[in-house]
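Working notes, structure below.
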Amino acid sequence: MAETILDVRDLETRFRTPDGVVHAVNGVSFGLKEGETLGVVGESGCGKSVTMLSLLRLIPSPPGEIVKGEAFFHGRDLLKMSDEEIRAVRGAQISMVFQDPMTSLNPVITIGQQLAEPLLLHLGMSRKEAETRAAELLSMVGIPNARERLKDYPHQYSGGMRQRVMIAMALSCNPQILIADEPTTALDVTIQAQIIDLVKRLRDNLGMAIIWITHDLGIIAGLAQRVIVMYGGLIIEEAEVKELYANPQHPYTIGLLKSLPRLDRKERTRLYSIEGLPPILYRKPQACPFAPRCSYAIERCWQENPPLDVVAPDHRVACWVDPETGRSRA
Amino acid sequence: MNTSEPLVRVENLVMHFPIYRGVIRRQVGAVRAVDGVTFDIQSGETLGLVGESGCGKTTVGRTILQLYRPTAGKVYFMGTDLTRLKGEELRRMRREMQMIFQDPYASLNPRMTIGEIVGEPLLVHGIAKGKELEDRVAELLQLVKLNPAFASRYPHEFSGGQRQRVGIARALALNPKFIVCDEPISALDVSIQAQVINLLEELQEKFHLTYLFVAHDLSVVRHISNRVAVMYLGIIVEIAEKNELYEHPLHPYTQALLSAVPIPDPVAEAQRKRIILEGDVPSPVNPPSGCRFRTRCPIARPICAEQVPQLRELGSGHYVACHFAENSAIA
Numbered sequence: 005m006a007e008t009i010l011d012v013r014d015l016e017t018r019f020r021t022p023d024g025v026v027h028a029v030n031g032v033s034f035g036l037k038e039g040e041t042l043g044v045v046g047e048s049g050c051g052k053s054v055t056m057l058s059l060l061r062l063i064p065s066p067p068g069e070i071v072k073g074e075a076f077f078h079g080r081d082l083l084k085m086s087d088e089e090i091r092a093v094r095g096a097q098i099s100m101v102f103q104d105p106m107t108s109l110n111p112v113i114t115i116g117q118q119l120a121e122p123l124l125l126h127l128g129m130s131r132k133e134a135e136t137r138a139a140e141l142l143s144m145v146g147i148p149n150a151r152e153r154l155k156d157y158p159h160q161y162s163g164g165m166r167q168r169v170m171i172a173m174a175l176s177c178n179p180q181i182l183i184a185d186e187p188t189t190a191l192d193v194t195i196q197a198q199i200i201d202l203v204k205r206l207r208d209n210l211g212m213a214i215i216w217i218t219h220d221l222g223i224i225a226g227l228a229q230r231v232i233v234m235y236g237g238l239i240i241e242e243a244e245v246k247e248l249y250a251n252p253q254h255p256y257t258i259g260l261l262k263s264l265p266r267l268d269r270k271e272r273t274r275l276y277s278i279e280g281l282p283p284i285l286y287r288k289p290q291a292c293p294f295a296p297r298c299s300y301a302i303e304r305c306w307q308e309n310p311p312l313d314v315v316a317p318d319h320r321v322a323c324w325v326d327p328e329t330g331r332s333r334a
Numbered sequence: 420m421n422t423s424e425p426l427v428r429v430e431n432l433v434m435h436f437p438i439y440r441g442v443i444r445r446q447v448g449a450v451r452a453v454d455g456v457t458f459d460i461q462s463g464e465t466l467g468l469v470g471e472s473g474c475g476k477t478t479v480g481r482t483i484l485q486l487y488r489p490t491a492g493k494v495y496f497m498g499t500d501l502t503r504l505k506g507e508e509l510r511r512m513r514r515e516m517q518m519i520f521q522d523p524y525a526s527l528n529p530r531m532t533i534g535e536i537v538g539e540p541l542l543v544h545g546i547a548k549g550k551e552l553e554d555r556v557a558e559l560l561q562l563v564k565l566n567p568a569f570a571s572r573y574p575h576e577f578s579g580g581q582r583q584r585v586g587i588a589r590a591l592a593l594n595p596k597f598i599v600c601d602e603p604i605s606a607l608d609v610s611i612q613a614q615v616i617n618l619l620e621e622l623q624e625k626f627h628l629t630y631l632f633v634a635h636d637l638s639v640v641r642h643i644s645n646r647v648a649v650m651y652l653g654i655i656v657e658i659a660e661k662n663e664l665y666e667h668p669l670h671p672y673t674q675a676l677l678s679a680v681p682i683p684d685p686v687a688e689a690q691r692k693r694i695i696l697e698g699d700v701p702s703p704v705n706p707p708s709g710c711r712f713r714t715r716c717p718i719a720r721p722i723c724a725e726q727v728p729q730l731r732e733l734g735s736g737h738y739v740a741c742h743f744a745e746n747s748a749i750a
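Protein sequence lines, in the order shown, are assigned to chains C and P. Quick note: the first sequence uses the working numbering, first residue 5, plus one each step. Quick note: the second sequence uses the working numbering, first residue 420, plus one each step.
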């Protein structure tokens, strides 16, 4: 059994906005095992990115505030570390790749200098060593003439190449966990395929654990071993990847999977659609946040928030209703 | 293929955007966004137009509507060549052709109410005013499943999906025959996309609308289209009936593109073979000689750099521009 390297318990994060307090993450608990790829799926505003940014203490405060929770990484709580301690973890043992490779790179510093920065900072390399290693990293992510291209600036790279640089940078200190937040959403599909192929190869060679955040259930199907589905700042379903797609138990997951047109399907029937809109949570949800859009909702769903309960081996669901019978779970 | 006259016919459409340099603004080159595109759209049909960013698909849509005046080529709409029309004549034709935009945040004026936005085309074309206008706006909002009472609200009060419905209501205001849908769902959340796709399909049936559906999401395009055209670097590389295209793609680019789309099913994903294309799309300022795809094509040979492959028919209604389309299976 692989060891659990990250253990998040009851995380809550909220933001003060001019319109009121937004409860972005409302009690999220999950674990991550060594070398595992965990998919985190949800729509905009579901709390998936804020959860991960909270772990790395990258939430701007104010307006953001981590209200409660623990996040143990090798037995140490990331949320209680001093600024100095978390800086030593961030970018070194846990690193992150973001959606937009243009705004994540500094436009006036060469790619080489940006790649060298974490090496100088975290690994204490000399300039010369860092340059050699930076060139190795660039060729590892498939950029030809790596030594030459270290001298280039970000605008001289295409979108796909910039995202490769971000991945190289994130992997430069051999992290144990790579958090990827929609890293291919801004890219074209053929470039997305290149990046996913690259990440899979690097994962197999380097053995790091990956948390891959996305709204795309297709990417997750081919990449993750385990999947978490989020809605309203909560985990509403968690399962091993094949189990989740074959046997979804939460009405939201069921609806999402049914609403997707598929490349490999011929029939042209109307798509299933989940009516209504995802919520903006000005209050911490006291009842099921999905109830207003749920076709299975019973009275209890409007009164109490269902806990994330085990329904099958390695399969947890937060729902009062059994979708097969349409009745309350015993 | 349908033998009746198509609603839209595009012939050798070319759209080059000039690049100027220096103090005297000398033209030093051109972005060859669309470089000789020919296709028709039958009445009541949905033609899907797919390709990656910068391939020219959006420019094709805008040029058909004469939002850009083409550099060369013809656009026939109900038999009339739009590229020759000007002023009042063009304005009258525009009633029949509308557009739905990608970004529902940028395509609605934030200082106008929803009612004013949806009613504006009716006012501009002098079709309705006063009470009649109000009634028509209420009817249009109902058509797109928005509460008519929302007419007095402003765009910022609505979600992305609701704004996209407002954009659809505005496009329908003049009872058009033809709508260019330019990535109408790519800015929307997954659970909202299906709502908007279903709405577009219902409206098409109800009003016998013809769509040009421009998108990069190949799964959505397969769902909504009758025929699909694939663009690469300003030209159409393949066009066919949709099931034919998705099941028997003949162009190596189409094959790679389809293989790159993830399928939301771990079992199916595990069995798929992905064709990973090397490199990036070349610049449309200076496209490769011969076949434009040759620099990334896994089966390219010397002839591909020398001769431009013509779009030729292989099988009924299936057109492909590749020298080796007969034995192009690279998967």
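For every residue, glycine included, the Cβ atom is placed at its ideal position computed from N, Cα and C.
Taking 9 Å as the CB threshold, G24(C) stays off the interface with chain P. Only those residues of the stretch 459-482 of chain P whose C-beta falls short of 7 Å from the nearest C-beta of chain C are listed: E471 and S472.
By the beta-carbon neighbour count (other beta carbons within 10 angstroms, threshold 16), T465(P) is buried. Just so you know, the alpha carbons of I284(C) and C50(C) end up roughly 9 Å apart. Using a CB distance cut-off of 9 Å, P67(C) does not count as an interface residue toward chain P.
Note on Q561(P): under 16 other CB atoms within 10 angstroms of its CB, so exposed under the neighbour-count rule. With contacts defined by Cβ atoms closer than 9 Å, Q583(P) and I278(C) do not form a contacting pair.
For Y249(C), DSSP assigns no beta-bridge partner whatsoever. Interface flag for D608(P) against chain C is set, since a Cβ pair is found closer than 9 Å. The beta carbon of D318(C) is closer than 6 Å to those of E244 in its chain, skipping five residues each way along the sequence. Inclusion of R153(C) and L142(C) in the CB contact set at 9 Å is warranted, their separation being smaller than that value. Residue pairing of S678(P) in beta bridges, as defined by DSSP: absent, with no partner found. Not a single C-beta of chain P is nearer than 9 Å to the C-beta of V145(C). At a cut-off of 9 Å, the C-beta of Q674(P) has no neighbouring C-beta in chain C. Excluding its 5 nearest sequence neighbours in each direction, P681(P) has C-beta neighbours in its own chain below 8 Å: E688, listed in chain order. For P105(C), the closest of I224(C), A184(C) and F19(C) by C-alpha to C-alpha distance is A184(C). DSSP places L59(C) within a helical segment (H, G or I) once states are collapsed to three. By the neighbour-count definition (other C-beta atoms within 10 Å, threshold 16), W306(C) is an exposed residue. Beta-carbon to beta-carbon, V700(P) and L637(P) are separated by about 16 Å, too far to satisfy the 8 Å threshold. Shortest Cα-Cα distance from Q690(P) to any of L542(P), S678(P) and G473(P) involves S678(P). Of all residues in the stretch 665-695 of chain P, only Y665, E666, Y672, A675, L676, L677, S678, A679, V680, P681, I682, P683, D684, P685, V686, A687, E688, A689, R691, R693, I694 and I695 place a beta-carbon less than 9 Å from a beta-carbon of chain C. For the pair K52(C) and I9(C), the CB atoms are not nearer than the 9 Å cut-off.
Under the 10 Å beta carbon count, S423(P) is surrounded by fewer than 16 other beta carbons and is classified as exposed. By the Cβ neighbour-count rule, A92(C) is exposed, with fewer than 16 other Cβ atoms within 10 Å of its own. Inter-residue distance for N645(P) and V469(P) is about 13 Å (C-alpha atoms, whole angstroms). Per DSSP, the continuous beta strand (DSSP E) segment holding K37(C) begins and ends at G24 to K37. I181(C) places its beta carbon 9 Å or farther from that of T188(C).
Residues of the same chain with a CB within less than 7 Å of the CB of N617(P), apart from the 5 flanking positions on each side, do not exist. Excluding five sequence positions before and after T21(C), the CB atoms of its chain that fall closer than 7 Å to its own CB belong to P67, given in chain order. Within the stretch 249-265 of chain C, contact with chain P at the beta-carbon level (separation under 9 Å) is assigned to Y249, A250, Y256, G259, L260, L261, K262, S263, L264 and P265. Among the residues facing chain C, N662(P) is included, as its CB has a counterpart in that chain under 9 Å away. Residue range F597 to D601 is occupied by the beta strand (DSSP E) that includes C600(P), with no alpha helix (DSSP H) assigned at that position. If you compare the alpha carbons of P721(P), N662(P), P595(P) and I655(P) with that of T457(P), the shortest gap goes to I655(P). Below the 8 Å Cβ cutoff, chain P contributes no neighbours of T21(C), its closest Cβ being approximately 14 Å away.
When C-beta distances to chain C are compared with 9 Å, the residues of the stretch 630-659 of chain P below that value are H635, D636, L637, S638, V639, V640, R641, H642 and I643, in chain order.
Linking S578(P) to L527(P) through their CA atoms gives a straight-line distance of about 12 Å.
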